[in-house]
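Residue numbers (this note's numbering), protein chains in the order written: chain A, 656 to 899; chain B, 27 to 326; chain C, 13 to 299. For every residue, glycine included, the Cβ atom is placed at its ideal position computed from N, Cα and C.
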Amino acid sequence: MPSLLNVRGLTKRFAGLVALSDVSFELERGEILGLIGPNGAGKTTLINMISGTLSATDGDVTFDGCDLKRLPAYRRARLGIGRTFQIMRPFPGLSVLDNVAVGALFGTGGGDHNLPRARGVASEKLEFVGLAHRASQRAEALGGPDRKRLELAKALAMNPRMLLLDEVMAGLNLVEIEAVIAMIKKVRDQGVSILVIEHVMKAIRSLSDRLLVLHHGEKIAEGAPEQVLRDPQVVEAYLGRRRA
Amino acid sequence: MAAAPWIASPSLIQFGISTLLLATLAQSWNIIGGYAGYASFGNSVFYGLGSYGTAIAMVQWHLPFGVGLALGAVLAVAFAVVLGLPVLRLRGHYFAICTLALAEVMIAIVSNVDIAGRNTGLVLPLLRGDALFYEMAFGLLVLTTLAVLWIARSRFGYGLMSIRENEEAAAVLGVDTTLYKVLAFALSGFFAALAGGIHAYWITFLDPVSAFDIGLNVKMIIMAVFGGPGSILGPVVGAFLLSGISEVLSTEISNLAGLFFGVVIVIAVVFMPRGLADLGRRFKQFGWHYFAENVRVHRL
Amino acid sequence: MSLLWQVVVNGILLGGLYALMALGLALVWGVLNIVNLAHGALIMLGAYVCYYLFTGLSIDPFVALPLTMLALFAFGYLLQRYLLNLVIRAPMFNTLLITFGIDVVLTYLAQIAFSADFRTINPTYAGDNFALFGAAVPVVRLLAFAVALALTIILWLFLARTRLGRAIRATAQNLIAARLYGVEPRRVYALTFGLGAALAGAAGGLYGVVSQVNPYIGTSLTAKSFAIAIIGGLESPLGVIAGGLFLGIVESLTALYIGPTYADVASFGILVLVLIVRPTGLLRRTT
Numbered sequence: 656m657p658s659l660l661n662v663r664g665l666t667k668r669f670a671g672l673v674a675l676s677d678v679s680f681e682l683e684r685g686e687i688l689g690l691i692g693p694n695g696a697g698k699t700t701l702i703n704m705i706s707g708t709l710s711a712t713d714g715d716v717t718f719d720g721c722d723l724k725r726l727p728a729y730r731r732a733r734l735g736i737g738r739t740f741q742i743m744r745p746f747p748g749l750s751v752l753d754n755v756a757v758g759a760l761f762g763t764g765g766g767d768h769n770l771p772r773a774r775g776v777a778s779e780k781l782e783f784v785g786l787a788h789r790a791s792q793r794a795e796a797l798g799g800p801d802r803k804r805l806e807l808a809k810a811l812a813m814n815p816r817m818l819l820l821d822e823v824m825a826g827l828n829l830v831e832i833e834a835v836i837a838m839i840k841k842v843r844d845q846g847v848s849i850l851v852i853e854h855v856m857k858a859i860r861s862l863s864d865r866l867l868v869l870h871h872g873e874k875i876a877e878g879a880p881e882q883v884l885r886d887p888q889v890v891e892a893y894l895g896r897r898r899a
Numbered sequence: 027m028a029a030a031p032w033i034a035s036p037s038l039i040q041f042g043i044s045t046l047l048l049a050t051l052a053q054s055w056n057i058i059g060g061y062a063g064y065a066s067f068g069n070s071v072f073y074g075l076g077s078y079g080t081a082i083a084m085v086q087w088h089l090p091f092g093v094g095l096a097l098g099a100v101l102a103v104a105f106a107v108v109l110g111l112p113v114l115r116l117r118g119h120y121f122a123i124c125t126l127a128l129a130e131v132m133i134a135i136v137s138n139v140d141i142a143g144r145n146t147g148l149v150l151p152l153l154r155g156d157a158l159f160y161e162m163a164f165g166l167l168v169l170t171t172l173a174v175l176w177i178a179r180s181r182f183g184y185g186l187m188s189i190r191e192n193e194e195a196a197a198v199l200g201v202d203t204t205l206y207k208v209l210a211f212a213l214s215g216f217f218a219a220l221a222g223g224i225h226a227y228w229i230t231f232l233d234p235v236s237a238f239d240i241g242l243n244v245k246m247i248i249m250a251v252f253g254g255p256g257s258i259l260g261p262v263v264g265a266f267l268l269s270g271i272s273e274v275l276s277t278e279i280s281n282l283a284g285l286f287f288g289v290v291i292v293i294a295v296v297f298m299p300r301g302l303a304d305l306g307r308r309f310k311q312f313g314w315h316y317f318a319e320n321v322r323v324h325r326l
Numbered sequence: 013m014s015l016l017w018q019v020v021v022n023g024i025l026l027g028g029l030y031a032l033m034a035l036g037l038a039l040v041w042g043v044l045n046i047v048n049l050a051h052g053a054l055i056m057l058g059a060y061v062c063y064y065l066f067t068g069l070s071i072d073p074f075v076a077l078p079l080t081m082l083a084l085f086a087f088g089y090l091l092q093r094y095l096l097n098l099v100i101r102a103p104m105f106n107t108l109l110i111t112f113g114i115d116v117v118l119t120y121l122a123q124i125a126f127s128a129d130f131r132t133i134n135p136t137y138a139g140d141n142f143a144l145f146g147a148a149v150p151v152v153r154l155l156a157f158a159v160a161l162a163l164t165i166i167l168w169l170f171l172a173r174t175r176l177g178r179a180i181r182a183t184a185q186n187l188i189a190a191r192l193y194g195v196e197p198r199r200v201y202a203l204t205f206g207l208g209a210a211l212a213g214a215a216g217g218l219y220g221v222v223s224q225v226n227p228y229i230g231t232s233l234t235a236k237s238f239a240i241a242i243i244g245g246l247e248s249p250l251g252v253i254a255g256g257l258f259l260g261i262v263e264s265l266t267a268l269y270i271g272p273t274y275a276d277v278a279s280f281g282i283l284v285l286v287l288i289v290r291p292t293g294l295l296r297r298t299t
């Protein structure tokens, strides 16, 4: 079966700075691919380019056979690409339930046009992430970990086929991390392919089927977690940073 | 309320018509400013286009009022779509300023167009009977409010609100932000234009400066914001309340009315920035702390 | 040909004053991210302060300028410190509204205090001209131009070279980092706003000499200042000069070749175009 996401030679240049250089990889259906690398390696930039938030300078992204090149972010979302933001982007003035409902109303395939049904889906997702008790609160009243859950719930409500998670575990304690890992695995079991950016090593190791390592915008390793984490290049990238 | 024209005095009816039209304007602004979060300082343009569309149709082409209204509305919507596409790409301050500049430009352009009667303006045929205009204005307000009610409970409305709250997040959830913004702008312009058309026919005289009155922008925004942007009845309540108080003050000292508006805005922005609607909702929960809380959260 | 030259000279002189008007607005906008809709009212107040110093104490307007600036600085500082700071972390629309409210209040207070009559500041040399390559240059306009230019350059030097100026720029770029360096934001914000008000006051005083003043000139001056600030870009005072000169010349030429009523159309039309095509202004430093 062909891979779900196919990235070829993806490059991003800002004036005077190369954020991403010739990155290629594939995401298989039903796979959890972990994306790691030191700060500034270009991980979020990569996700931004897949979701359409940022345009690519060069290279191709194909999702389920569809060339994403000229598609704006909302069309990619409707194809089934969901994502969370590292710096969270809730809808502060809306209730937690309504936040998630937007995802259900507009997600894959254009979402559900029926508002009560969408709110029902939103309720389910809030149950799933453990936020049901805050459904009627304003999103801006939520604290850090709850906001992460909200981000996840919104993306899930879209009924995505691929989920791009950007550091959903930052700032969580061990118990919360375990809970999130379990959630992500359950999502994968429901048929969603996942690309996860994470810094928490223990989590990414137990979660990922494969790992992809970025450093200074380039791919330096790809493969099974244990093998990648022993790769000397990877170790050097994390422990002994070269000055740019 | 609909029965008012038959029991109230003529001057009260006139006040009623003015206020109903202003409330419609505030409500129409609510769609683009309150729900979509794009604070347009140029909705007076739609009002003026509605006025002139109606006037030109009736005066130059001798068409009936209904057709004139429709023409004005079509003009406004076309304008909203054509200009909305580039201008709605601007965010925040820039959007506000651009719409303000557009409003200024329109006055100057219309002053130089022959069919619009240039600077001297147009005189419309006279229709006696304020009661009729009152009912029209009332009907329009009801229509506009029903539209807002529908928006608030629809997928479209949720899309608009998500744009207001965080446009980038809305886009990655699948909201076609450009389409929705333009639709909101066009809808807003549609109702403003109808209000303009009714107003033109009512006062029977039209000139560029008063039709595209920049001061209207200010009034409609203050009324909508004071009443509660993004709420269903807020702008209406705001319009009636502020108009009423301003009218009372006007009869005392006219300067004072203007001063009053200014002070109200300043105090309201500091202590109740989300308007009366929000105050009403949360006062039960917070009591007087509501005001202090608003300051605490927003001060440096 | 000489008519064209006269018009261009008029445009340049006007442009200098325009630049000064826009300078305070651009400064406050760039540093505090406040779009001050009351800016024109501050200009108007400056004009009146200068006017009363001239008619009441017989102080030459150009000499009264520093006093005017001081008065407006104090007013602006207090306004920012005790009122605007209360809403500064709210959505930007709130500051837009509050400055609008302040504009209304100042306008009506001015009308009550000064009446709606037009006033002009008329020093004895008001009518003098001198010739510049065939164009008649009113002395007051030339002086106003010179002062405007001087103040702009002083501001630029202040921001670039002094400690306080650097603190202001740092606060504009990164509030948190600036705090870590010991900058106290409330003070810097109030100082910056005061500075903006002082510049507006100076522009007002000069405006009072070259043109007529009444309480209602504020709104259109604010709009004009926007146009200049945006067209010239908010990056640097020098950009604002360029914007002011550009607009001054454009307006003069438009008035001559198309018609006086079109001068405003030209300005605002260009503003709209610039916003749509390049919101950061016509002068863009390559980032």
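Residue range of the unbroken beta strand (DSSP E) whose run includes residue i
i: R738(A); result: 736–738
Span of the alpha helix (DSSP H), counted from its first residue to its last, around residue i
i: F121(B); result: 118–137
i: H324(B); result: 315–324
i: T699(A); result: 698–706
i: S77(B); result: 70–85
i: P197(C); result: 197–222
i: D276(C); result: 274–289
i: Y160(B); result: 156–178
CB contact check: residue i to chain C, cutoff 8 Å
i: L126(B); result: yes
i: F287(B); result: yes
i: P112(B); result: yes
Identified DSSP bridge partners for residue i
i: H870(A); result: E873(A)
i: I852(A); result: L690(A), D821(A)
i: F680(A); result: V662(A)
i: N141(C); result: P150(C)
i: F718(A); result: L660(A), C721(A)
i: R865(A); result: L688(A)
8 Å contact criterion, which residue i and residue j should meet: CB distance rounded
i: I852(A); j: D821(A); result: 5 Å
i: M33(C); j: I55(C); result: 6 Å
i: G735(A); j: P815(A); result: 5 Å
i: R181(B); j: Y61(B); result: R181(B) to Y61(B), Cβ: 13 Å. No contact.
i: T119(C); j: Y228(C); result: 7 Å
Collapsed DSSP secondary structure at residue i in the structure displayed
i: T41(B); result: Reading off the sequence, residue 41(B) comes out as Phe, not Thr. Three-state DSSP puts F41(B) in a helix.
i: D115(C); result: helix
i: F243(B); result: Here residue 243(B) turns out to be Asn, not Phe, going by the sequence shown. N243(B) falls in the helix class under three-state DSSP.
i: R297(C); result: With a pLDDT of only 44 at R297(C), under 50, the local geometry of the prediction cannot be trusted, and no value is derived from it.
i: T712(A); result: coil
i: P112(B); result: helix
i: E891(A); result: helix
i: L259(B); result: coil
i: V47(C); result: coil
i: L807(A); result: helix
i: F170(C); result: helix
i: W17(C); result: helix
i: F238(C); result: helix
Any C-beta of chain A under 8 Å from that of residue i
i: R154(B); result: no
i: M298(B); result: no
i: G200(B); result: yes
i: A197(B); result: yes
Within-8 Å CB hit, residue i to chain B
i: M817(A); result: no
i: V221(C); result: no
i: Y729(A); result: yes
i: Y201(C); result: yes
i: L37(C); result: no
i: M704(A); result: no
i: R738(A); result: yes
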